[in-house]
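Residue 107 is where the sequence shown starts when you use our numbering, and the numbers rise one by one after that. Quick reminder that beta carbons are idealized off the backbone N, C-alpha and C, glycines included.
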Amino acid sequence: MSKIFVNNSGPLMGEVEISGAKNAVLPLMAATLLTADECVIESVPDLADVSVMKKMLASYGAQVDDSEPGVVKVKAENITTVEGDPELVQEMRASTMAMGPLLARCGRVVQPMPGGCTIGKRPIDLHLKGFRSLGAKVIEEEDRVIIEAGPEGLKGDAIYLDFPSVGATENILMAAVLAKGTTIIENAAKEPEIVDLANLLNKMGAKIKSAGTDMIRIEGVERLSGAIHGVIPDRIEAGTFMLAAAITRGKVHVKNAIPGHVRPIISKLKESGVTVELTDDGIFVDASGDRELVATDIKTLPYPGFPTDIQSPFMAFLTTVKGKSVCRETVFENRFMHVVELNRMGADITTENREAIIPGGKKLHGAKVRATDLRAGAAMILAGLVATGTTEISEIYHIERGYENVVKKFKALGADIVKVDED
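Dropping the structure here:
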């Protein structure tokens, strides 16, 4: 089993290039099932989840060509099955993204219950509610769900989401593009990844308006064609490296980051005393010198609020600043598993329900810790960069699900970090 070892590294310096977004590329790849024509996705990150999605598309009968680095070509001319492979589905939560495209194009989909990080229930109830509103029949069994369109196919409708779920918004969006009539998604998620998906679908011939707002309008079309599309940069990876500069009191140019996608992170870093400057091609973060960084409170919210995916890396940073910080998690009910691991390193964080109290100014020390989920793994790396001694991180497959060349990128900034493959 592979592990990552991190030693105290001093201030990180230099520049890092942000890869294509994990949370954007997976629904983009799923959207290729909507057409028989070839689709070309560019700026594709080399991630474990992307590999699973390639296998999943192939399992439905699509031809997948990844011979060119950073490019995935998909031609789903012949859909040979609408039943998800249970083993692949269990590997990745984003397997649910195939439901909308297959339902829209084939009129039927059989979806085993999905896997992914254990950060909360994340039910697919809202996805199913949307499909029902479009006229589909939903049969829920113990270990799978069967969704079937009526004899006349899907029909547009007004759909109100009880919570602005990213996955539900994306799935309903993909199902609605081939539905008859008009679909309106109210209380829709507004994340940049939603906009990226809508941009691809519109290139394919869809008629989507107002993606990125809380009310998306979709006029159904009869068919979609192929398209070429580049994935947006990963805002969570950008935030992670911004925090790497901050926690090590370094200076890092985060290239290819889009400032508008990380406004809450920029704001909270500035509140703590970190200098953040926008550049022509990214964001420059400077926490160097004798400045005293101070505590700040964070509260996770759906976009454009503070992202839940950056909560654990930010908490690692807050353990090193002066004063007491409070972190309130409002998106997932089980996203404090990393607290136990940070406390192994001397953090002394306390939690109650969805609130964590972080006493700052702690001297962290190396320990054997786990990457309990994808973003918690990033937090362990950040903490290891400033801890005395060696931090040994296990279960790093979580990290590799969402960070491309993570060890290589940190090393290029001066981090003392290595991946070791063990039997």
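Quiz item: When DSSP labels each residue in this structure, what does I225 get in the three-state scheme?
Solution: Unreliable placement is indicated for I225, whose pLDDT of 35 sits below 50; no coordinate value is reported for it.
Quiz item: For L140 versus V283, is the C-beta spacing smaller than 8 angstroms?
Solution: yes
Exercise. Please state if the CB of V216 and the CB of V188 are separated by a distance shorter than 8 angstroms.
Key: yes
Quiz item: Taking the alpha-carbon positions, what's the G466 to K109 distance?
Solution: 28 angstroms
Practice problem: State yes or no: is the C-beta of A352 within less than 8 angstroms of the C-beta of V301? | Solution: no
Self-check item: Cβ neighbour criterion (16 or more within 10 Å) applied to I389
Solution: buried
Self-check item: Cβ-Cβ distance between E510 and P151 below 8 angstroms
Solution: yes
Exercise. Grab the span of the alpha helix (DSSP H) containing I372 for me, first residue to last.
Key: 369 to 377
Quiz item: Where in the region 483 to 520 do unbroken runs of the alpha helix (DSSP H), each at least 4 residues long, occur, reported from the N-terminal end onward?
Solution: 503 to 506, 512 to 518
Quiz item: Where do the ends of the alpha helix (DSSP H) carrying L384 lie?
Solution: Careful: L384 lies outside any alpha helix (DSSP H), inside the beta strand (DSSP E) at 381 to 385.
Practice problem: Going by CA-CA distance only, name the one from K514, C145, S201, D403 that's closest to V170. | Solution: C145
Quiz item: What number of angstroms, rounded off, separates the C-alpha of G356 from the C-alpha of M119?
Solution: 6 angstroms
Quiz item: Between G226 and the rest of its own chain, which residues show a CB-CB distance below 7 angstroms, the 5 nearest in sequence each way excluded?
Solution: Caution applies to G226, whose pLDDT of 40 falls short of 50 and renders its modelled position unreliable; the value that the coordinates give is listed next. Counting only Cβ-Cβ distances below 7 angstroms, and skipping sequence neighbours, we find F438, E439, N440, R441.
Practice problem: With DSSP as the reference, label P413 as helix, strand or coil. | Solution: coil
Self-check item: Range of the contiguous beta strand (DSSP E) that encloses T275
Solution: Run containing T275: none in the beta strand (DSSP E); it sits in the alpha helix (DSSP H), 272 to 282.
Quiz item: So, are the CB atoms of L260 and K286 less than 8 angstroms apart?
Solution: yes
Quiz item: Between the region 419 to 437 and the region 392 to 402, do at least 3 Cβ pairs fall closer than 8 angstroms?
Solution: yes
Self-check item: For D388, three-class secondary structure by DSSP
Solution: Per the sequence shown, the amino acid found at residue 388 is Gly instead of Asp. Strand, per DSSP.
Practice problem: Have a look at S165 and G206 and give me their C-alpha separation to the nearest angstrom. | Solution: 16 angstroms
Quiz item: Alpha carbon to alpha carbon, how far is S316 from T457?
Solution: 39 angstroms
Self-check item: Integer Cβ distance of S418 from R481, believed to fall under 8 angstroms
Solution: 5 angstroms
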